[in-house]
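Contents: one structure, followed by commentary.
Numbering (the working numbering), first residue to last: 152 to 545.
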């Protein structure tokens, strides 16, 4: 059973739903901005240029604006459920969420209410993300053409035209013909660039992701919650939970989500008792007293200086204005991140896509530069030892 706790006007109601009832998600009304569920106006998830005028119009709207447009079509409970769904996506209040971010997720989910979860919750790396990271690193290391450093925060970038110098906080420098930045959007503005980045790129870096959600992993005693989920508009600091898998000892591993700790319904992860109370509050009422929590794991990404937030989610007026600006290279500097992916923005799939596209950009640019360098001879004598020829260009 799926459990939903809804705040309905002046009182709180809690009731259980079957998975069939749960699938009748009210995201459908929210995303049906064109009367055809975006099946033609935004047919393919990758790229917002299929209906640029319409998408630019929708990009001006927040999710609160859209909810206000359709509120009279929904019951109080349906409004509550939709609010919880949306806040789970962005980790923030609806007025800060750009509607286009939700529409993109809708299109990624094949224009259906459950499509995104059907993909995201079932498409997993069997060995986990950490194993993937290790394999990528090991492959790069095997080329014997990799210099690397860990725990060396970047402080300054200087692009001299023919060489880029990266300076870290400890004063160490790294030099390369090209540099690819994978620094998160919310952190990139803290890096100093010389010469300065173009004004539109600086503005894009200031328009940060709004996602400041809390994500909490919980091992609940026993297997009962494997096929269970919960949503609450207010809750006690967490507004959604879902059963993820069974642990080796047959406990249920649950993943909880909460809004920005700074908003009125958020909580700090520093207080364990507060977190426990929020976890239990989302359980079915008849299960709360007997609940046994065996483990809680979380990381405060908002206080992590190398993240300052969680997965990327855009504010209003950001996607159509800044995505292409963020993707655009500048001189010998290239930018790759899930935070400005055309498709799976904020997801690891988006990071892979952006990384592959940017790597190709670098390869093509360096090949082009090599051809130009080969065809342009320097002034003065030059010696080609392979052919025993001395050339002089005046």
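Note that CB positions come from ideal geometry on N, CA and C, so glycine has one too.
By the DSSP assignment, the beta strand (DSSP E) with residue i in it spans what residues?
i, result
"residue 307", "305-310"
"residue 371", "365-371"
"residue 383", "380-383"
"residue 343", "343-345"
"residue 484", "484-486"
Report the three-state DSSP secondary structure of residue i (helix, strand or coil).
i, result
"residue 540", "With a pLDDT of 35 at residue 540, under the threshold of 50, the predicted position of this residue should be treated as unreliable, and no value is reported."
"residue 498", "coil"
"residue 462", "coil"
"residue 198", "coil"
"residue 328", "coil"
"residue 250", "helix"
"residue 144", "With the chain covering only 152 through 545, there is no way to say anything about residue 144."
"residue 392", "strand"
"residue 338", "helix"
"residue 318", "strand"
"residue 397", "strand"
"residue 283", "helix"
"residue 165", "strand"
"residue 533", "Per-residue confidence for residue 533 stands at a pLDDT of 43, beneath the threshold of 50, marking its modelled position as unreliable; no derived number is given."
"residue 290", "helix"
"residue 213", "strand"
"residue 262", "coil"
"residue 222", "helix"
Note down the Cα distance separating residue i from residue j, rounded to an integer number of angstroms.
i, j, result
"residue 430", "residue 204", "43 Å"
"residue 178", "residue 495", "19 Å"
"residue 404", "residue 446", "9 Å"
"residue 348", "residue 330", "14 Å"
"residue 523", "residue 239", "51 Å"
"residue 182", "residue 273", "23 Å"
"residue 231", "residue 280", "33 Å"
"residue 284", "residue 186", "42 Å"
"residue 346", "residue 332", "16 Å"
"residue 484", "residue 356", "15 Å"
"residue 184", "residue 193", "11 Å"
"residue 468", "residue 207", "8 Å"
"residue 449", "residue 366", "6 Å"
"residue 316", "residue 325", "6 Å"
"residue 465", "residue 517", "33 Å"
"residue 454", "residue 302", "17 Å"
"residue 434", "residue 420", "19 Å"
"residue 401", "residue 407", "19 Å"
"residue 292", "residue 506", "18 Å"
"residue 500", "residue 363", "20 Å"
"residue 335", "residue 305", "13 Å"
"residue 313", "residue 327", "9 Å"
"residue 286", "residue 278", "11 Å"
"residue 154", "residue 243", "With a pLDDT of only 45 at residue 154, under the threshold of 50, the placement of this residue in the model should not be trusted, and no figure is reported."
"residue 383", "residue 264", "18 Å"
"residue 451", "residue 311", "38 Å"
"residue 158", "residue 290", "Note that residue 158 scores a pLDDT of 31, beneath 50, so its modelled location is shaky and nothing firm can be said."
"residue 160", "residue 254", "Because the pLDDT of residue 160 is 29, which lies under 50, any placement of that residue in the model is unreliable, and the number read from its coordinates should be weighed accordingly. Distance between the alpha carbons of residue 160 and residue 254 is about 28 Å."
So does residue i have its beta carbon nearer than 7 Å to some heavy atom of the ligand GDP?
i, result
"residue 234", "In the structure shown, the ligand GDP is absent, as is every other ligand, since no ligand is present at all."
Between which two residues does the alpha helix (DSSP H) containing residue i stretch?
i, result
"residue 445", "From DSSP, residue 445 is part of no alpha helix (DSSP H) but of the beta strand (DSSP E) over 444-449."
"residue 274", "First-last for residue 274: undefined, no H or E at that position."
"residue 407", "No alpha helix (DSSP H) holds residue 407; the beta strand (DSSP E) holding it covers 403-409."
"residue 476", "470-478"
"residue 210", "203-210"
"residue 179", "178-182"
"residue 245", "Element bounds for residue 245: n/a, residue is neither H nor E."
"residue 358", "Per DSSP, residue 358 belongs to no alpha helix (DSSP H) and is neither H nor E."
Rounded C-beta distance between residue i and residue j? I'm assuming under 8 Å.
i, j, result
"residue 189", "residue 257", "6 Å"
"residue 241", "residue 361", "6 Å"
"residue 259", "residue 267", "6 Å"
"residue 462", "residue 497", "4 Å"
"residue 391", "residue 235", "6 Å"
"residue 493", "residue 197", "5 Å"
"residue 432", "residue 386", "6 Å"
"residue 436", "residue 180", "That belief does not hold up - the Cβ atoms of residue 436 and residue 180 are roughly 28 Å apart, past 8 Å."
"residue 388", "residue 376", "Between residue 376 and residue 388 the Cβ distance is about 19 Å, and since that is not below 8 Å, they are no contact."
"residue 509", "residue 487", "4 Å"
Three-pair Cβ contact test at 8 Å for the stretch 335-342 versus the stretch 412-425: no
Count Cβ pairs between the stretch 465-481 and the stretch 347-364 that sit closer than 8 Å; are there 3 or more? yes
Any contact of the stretch 436-445 with the stretch 370-377, i.e. 3+ C-beta pairs under 8 Å? These segments touch.
Does the stretch 247-265 come within contact of the stretch 210-224, defined as at least 3 CB pairs closer than 8 Å? yes
With three or more beta-carbon pairs closer than 8 Å as the criterion, would you say the stretch 422-436 touches the stretch 461-472? no
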